[in-house]
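Reading through the C-alpha coordinates given below for one structure.
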(Lines of atoms letter the chains of each structure in order from A and count residues from 1; the text may use other names and numbers.)
(Lines give C-alpha, C1' and ligand atoms only; values in the text may rest on other atoms or scores of the structure.)
Protein backbone atom coordinates (compact mmCIF):
# COMPACT_ATOMS: atom_id res chain seq x y z
CA UNK A 1 0.00 0.00 0.00
CA UNK A 2 2.93 2.30 0.72
CA UNK A 3 3.93 2.60 -2.94
CA UNK A 4 0.38 2.60 -4.32
CA UNK A 5 0.80 6.19 -5.55
CA UNK A 6 3.80 5.36 -7.73
CA UNK A 7 1.75 4.40 -10.82
CA UNK A 8 -0.23 7.64 -10.78
CA UNK A 9 2.69 10.08 -10.90
CA UNK A 10 3.27 12.20 -13.99
CA UNK A 11 6.56 11.24 -15.58
CA UNK A 12 9.23 13.61 -16.89
CA UNK A 13 9.47 13.40 -20.68
CA UNK A 14 12.78 15.26 -20.80
CA UNK A 15 15.01 17.36 -18.57
CA UNK A 16 14.01 20.94 -17.79
CA UNK A 17 15.11 23.59 -20.27
CA UNK A 18 17.33 26.57 -19.43
CA UNK A 19 14.34 28.53 -18.07
CA UNK A 20 13.20 25.66 -15.84
CA UNK A 21 10.19 24.53 -17.90
CA UNK A 22 9.78 20.76 -18.09
CA UNK A 23 7.63 18.52 -20.28
CA UNK A 24 5.72 15.95 -18.22
CA UNK A 25 3.90 12.91 -19.57
CA UNK A 26 0.61 11.39 -18.51
CA UNK A 27 1.24 8.17 -16.50
CA UNK A 28 -0.91 6.20 -18.96
CA UNK A 29 1.12 7.50 -21.91
CA UNK A 30 4.31 6.59 -20.05
CA UNK A 31 3.13 2.98 -19.71
CA UNK A 32 2.73 3.18 -15.92
CA UNK A 33 -1.09 3.10 -15.80
CA UNK A 34 -4.26 2.43 -17.79
CA UNK A 35 -6.80 5.15 -18.54
CA UNK A 36 -10.29 4.97 -20.11
CA UNK A 37 -9.65 8.36 -21.76
CA UNK A 38 -6.80 6.77 -23.70
CA UNK A 39 -8.16 3.47 -25.04
CA UNK A 40 -4.78 2.38 -26.44
CA UNK A 41 -3.51 2.15 -22.84
CA UNK A 42 -6.19 -0.32 -21.72
CA UNK A 43 -5.27 -3.98 -21.50
CA UNK A 44 -1.52 -3.40 -21.29
CA UNK A 45 -1.21 -5.39 -18.13
CA UNK A 46 -3.43 -6.41 -15.26
CA UNK A 47 -0.78 -5.21 -12.79
CA UNK A 48 -1.03 -1.58 -14.02
CA UNK A 49 -3.38 0.67 -12.03
CA UNK A 50 -6.54 1.97 -13.67
CA UNK A 51 -6.78 5.76 -13.48
CA UNK A 52 -10.07 7.47 -12.61
CA UNK A 53 -10.39 9.96 -15.50
CA UNK A 54 -12.68 12.32 -13.59
CA UNK A 55 -11.39 12.70 -10.04
CA UNK A 56 -13.29 15.98 -9.63
CA UNK A 57 -16.58 17.54 -10.78
CA UNK A 58 -14.55 19.93 -12.96
CA UNK A 59 -13.71 17.06 -15.29
CA UNK A 60 -10.44 15.45 -16.31
CA UNK A 61 -7.17 17.16 -15.49
CA UNK A 62 -5.19 18.91 -18.20
CA UNK A 63 -2.63 16.10 -18.27
CA UNK A 64 -5.49 13.61 -18.84
CA UNK A 65 -6.80 15.53 -21.85
CA UNK A 66 -3.38 15.69 -23.49
CA UNK A 67 -0.42 13.45 -24.03
CA UNK A 68 2.04 15.83 -22.36
CA UNK A 69 2.01 19.13 -20.50
CA UNK A 70 4.66 21.75 -19.85
CA UNK A 71 5.20 22.52 -16.18
CA UNK A 72 6.50 25.95 -15.19
CA UNK A 73 9.29 26.29 -12.62
CA UNK A 74 6.84 27.75 -10.07
CA UNK A 75 4.33 24.92 -10.44
CA UNK A 76 7.08 22.32 -10.47
CA UNK A 77 8.59 23.71 -7.28
CA UNK A 78 5.18 23.82 -5.60
CA UNK A 79 4.40 20.17 -6.32
CA UNK A 80 7.91 18.72 -6.25
CA UNK A 81 8.57 16.04 -3.65
CA UNK A 82 12.23 15.10 -3.46
CA UNK A 83 11.64 11.86 -1.56
CA UNK A 84 8.98 9.30 -2.36
CA UNK A 85 6.30 9.35 0.33
CA UNK A 86 6.70 6.39 2.67
CA UNK A 87 9.97 5.23 1.13
CA UNK A 88 12.99 4.26 3.25
CA UNK A 89 14.76 7.62 2.81
CA UNK A 90 11.53 9.51 3.55
CA UNK A 91 10.97 7.44 6.72
CA UNK A 92 14.52 8.03 7.93
CA UNK A 93 14.21 11.81 7.61
CA UNK A 94 10.56 11.99 8.73
CA UNK A 95 11.09 10.06 11.97
CA UNK A 96 14.28 11.96 12.79
CA UNK A 97 12.46 15.30 12.36
CA UNK A 98 9.39 14.01 14.18
CA UNK A 99 11.51 12.96 17.17
CA UNK A 100 13.14 16.39 17.19
CA UNK A 101 9.78 18.19 17.21
CA UNK A 102 8.36 15.94 19.92
CA UNK A 103 11.50 16.54 21.99
CA UNK A 104 10.98 20.31 21.71
CA UNK A 105 7.33 19.91 22.69
CA UNK A 106 8.33 17.86 25.73
CA UNK A 107 10.87 20.50 26.74
CA UNK A 108 8.29 23.28 26.41
CA UNK A 109 5.76 21.34 28.53
CA UNK A 110 8.28 20.38 31.22
CA UNK A 111 7.43 22.36 34.40
CA UNK A 112 11.15 22.69 35.17
CA UNK A 113 11.83 24.25 31.75
CA UNK A 114 9.09 26.34 30.12
CA UNK A 115 6.02 24.83 31.74
CA UNK A 116 3.53 25.90 29.06
CA UNK A 117 1.01 23.31 30.27
CA UNK A 118 0.46 25.09 33.57
CA UNK A 119 -3.04 26.59 33.73
CA UNK A 120 -1.81 29.99 34.87
CA UNK A 121 0.51 30.49 31.93
CA UNK A 122 -2.25 29.54 29.46
CA UNK A 123 -4.56 32.10 31.03
CA UNK A 124 -1.88 34.79 30.86
CA UNK A 125 -1.06 33.88 27.26
CA UNK A 126 -4.73 34.13 26.25
CA UNK A 127 -5.08 37.50 28.00
CA UNK A 128 -1.91 38.78 26.30
CA UNK A 129 -3.22 37.81 22.86
CA UNK A 130 -6.57 39.45 23.60
CA UNK A 131 -4.78 42.61 24.77
CA UNK A 132 -2.71 42.64 21.56
CA UNK A 133 -5.90 42.50 19.46
CA UNK A 134 -7.50 45.27 21.54
CA UNK A 135 -4.46 47.52 21.15
CA UNK A 136 -4.33 46.88 17.41
CA UNK A 137 -8.03 47.75 17.12
CA UNK A 138 -7.57 50.90 19.21
CA UNK A 139 -4.64 51.98 17.02
CA UNK A 140 -6.66 51.38 13.87
CA UNK A 141 -9.61 53.42 15.17
CA UNK A 142 -7.27 56.23 16.20
CA UNK A 143 -5.66 56.31 12.74
CA UNK A 144 -9.06 56.42 11.00
CA UNK A 145 -10.48 59.22 13.17
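In the working numbering, the protein residues as written are 7 to 151. Glycine included, C-beta positions come from ideal geometry on N, C-alpha and C.
Through-space distance from residue j to residue i, alpha-carbon basis
i, j, result
"residue 82", "residue 147", "44 Å"
"residue 72", "residue 24", "24 Å"
"residue 56", "residue 41", "6 Å"
"residue 93", "residue 86", "16 Å"
"residue 13", "residue 58", "12 Å"
"residue 118", "residue 110", "14 Å"
"residue 126", "residue 135", "14 Å"
"residue 53", "residue 45", "17 Å"
"residue 120", "residue 30", "50 Å"
Three-state class that DSSP yields for residue i in the structure shown
i, result
"residue 94", "helix"
"residue 57", "coil"
"residue 129", "helix"
"residue 70", "helix"
"residue 28", "strand"
"residue 77", "strand"
"residue 117", "coil"
"residue 41", "strand"
Cβ-Cβ separation, residue j to residue i (assumed contact under 8 Å), whole Å
i, j, result
"residue 26", "residue 79", "3 Å"
"residue 153", "residue 69", "Because the chain spans 7 through 151 in this model, residue 153 falls outside it and cannot be assessed."
"residue 123", "residue 115", "5 Å"
Close-in-space but distant-in-sequence residues of the same chain around residue i (CB under 8 Å, 5 per side omitted)
i, result
"residue 60", "66"
"residue 99", "89"
Cβ shell of residue i (< 7 Å), same chain only, five flanking positions each side left out
i, result
"residue 90", "96"
"residue 200", "Given a span of 7 to 151 for the chain in the structure shown, any question on residue 200 remains unanswerable."
"residue 22", "28"
6 Å CB neighbourhood of residue i in its chain, flanking five on each side removed
i, result
"residue 32", "69"
"residue 48", "40"
Segment contact, 8 Å Cβ cut-off, at least three pairs: the segment 10-19 with the segment 36-47: yes
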